[in-house]
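Okay, so here's the structure we're looking at.
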Ligand SMILES: [Zn+2]
Ligand SMILES: [Zn+2]
């Protein structure tokens, strides 16, 4: 199976390629993700060593906490990455990928912090905070 995937921001200034197995998509409903994206985050994850980013000079990194930073295109504003400083992985927004993505969703995290204007009713596992397998920046 071809594990190579590509994606970009809306304006195309930032492009990336991944070549490893990608994690299932996790939906994060925490307030930081909601504020930054305008809704909630849907992100997969790649090993640092298995992603190449072109146009990284167009990326702006916002340190939302001491432990993690959020990467977005400074030209078009597309939210693209989430990076924990102590991990050798990088979260990539699922919507940034070109189709076919080959991705499927696996769970919801921080549902205790979700917006009050939508319901989560897709039957996927829901976690009040994070899960043991998904490291996040605890506040
Ligand atoms: Zn852009
Ligand atoms: Zn979040």
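Residue numbers (this note's numbering): 25 to 163.
Using N, Cα and C, we set each Cβ at its ideal position, and we do this for glycine too.
- In the DSSP annotation of this structure, residue 52 is not part of any alpha helix (DSSP H); the continuous beta strand (DSSP E) holding it starts and ends at 49 to 52.
- Taking 4 residues as the shortest admissible run, the stretch 33 to 89 contains the following complete alpha helix (DSSP H) segments, listed from N- to C-terminal end: 55 to 61.
- If you check the C-beta of residue 103 against ligand 1, you find no heavy atom less than 7 Å away.
- Contact between the stretch 105 to 115 and the stretch 124 to 132 is absent: fewer than three C-beta pairs spanning the two stretches fall below 8 Å.
- Looking from the CA of residue 138, the closest CA among 37, 33 and 63 belongs to 63.
- Proximity of the beta carbon of residue 97 to ligand 2 is not indicated: no heavy atom of the ligand is located closer than 7 Å.
- Those residues that have a beta carbon less than 5 Å away from any non-hydrogen atom of ligand 2 are, in order along the chain, 52, 54 and 57.
- The Cβ atoms of residue 45 and residue 29 do not sit closer than 8 Å to each other.
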